[in-house]
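Take a look at the structure below.
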Amino acid sequence: MRRLFALLALGLLALLAALVYSAVDNRLSDEDRQYLNKLMADTALAPLPPAADANAELAFVIDAQRAVQQVAPVNRGLPLGQPREPKDLYLARYGLCYDRSRMLEKLLRLNGLE
0 MRRLFALLAL
10 GLLALLAALV
20 YSAVDNRLSD
30 EDRQYLNKLM
40 ADTALAPLPP
50 AADANAELAF
60 VIDAQRAVQQ
70 VAPVNRGLPL
80 GQPREPKDLY
90 LARYGLCYDR
100 SRMLEKLLRL
110 NGLE
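Here it is in structure tokens:
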């Protein structure tokens, strides 16, 4: 019974370590802000007002998706091993869904959405 408990505890510890190791940092850097603001200017995406209601938030999310797609319309992934930050996608002008989703998530964070 002790051995089973030890194995279970070790398995849970390994799972926790894997989750911590694979966590993605979603904080906005100054460079992220710079390129996200360029994206917003290039696509005429207005910032989300601070006191926006749910309808305004939903409309902003849809417009933000369109803006990211407009900046990176070519469906080709950034090279493996290369960063996938807003600057990289903005300059490359292409990306796959996971490349675009990184930029979209940071764009939504910049505008106060989680």
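Numbering (numbering that gives the first Met the number 0), first residue to last: 0 to 113.
Glycine included, each C-beta is placed from N, C-alpha and C at the ideal position.
What are the partner residues of residue i, as DSSP defines its beta bridges?
{"i": "Val70", "result": "Val70 is not bridged to any residue."}
{"i": "Tyr93", "result": "Val73"}
So for residue i, helix, strand or coil by DSSP?
{"i": "Ser100", "result": "helix"}
{"i": "Gln81", "result": "coil"}
{"i": "Leu18", "result": "helix"}
{"i": "Asp113", "result": "For the record, residue 113 in the displayed sequence is Glu; it is not Asp. Reduced to three states, the DSSP call for Glu113 is coil."}
{"i": "Val60", "result": "helix"}
{"i": "Leu47", "result": "coil"}
{"i": "Leu3", "result": "helix"}
{"i": "Asn54", "result": "helix"}
{"i": "Asn25", "result": "coil"}
Compute the beta-carbon to beta-carbon distance between residue i and residue j, rounded to the nearest angstrom, for a pair I have assumed lies under 8 Å.
{"i": "Ala71", "j": "Asp98", "result": "7 Å"}
{"i": "Ala55", "j": "Leu47", "result": "7 Å"}
{"i": "Pro49", "j": "Gly10", "result": "Not really, about 45 Å apart at Cβ, beyond 8 Å."}
Point to revise | contact_flag[the segment 66-80, the segment 91-106] where n(CB pairs < 8 Å) is 3 or more | key: yes
Practice item. Could you tell me whether the segment 53-62 touches the segment 74-86, using the rule of 3 or more Cβ pairs below 8 Å? Key: no
Exercise for review: Give a yes or no on contact between the segment 29-41 and the segment 99-113, applying the rule of three or more CB pairs nearer than 8 Å.
Suggested key: yes
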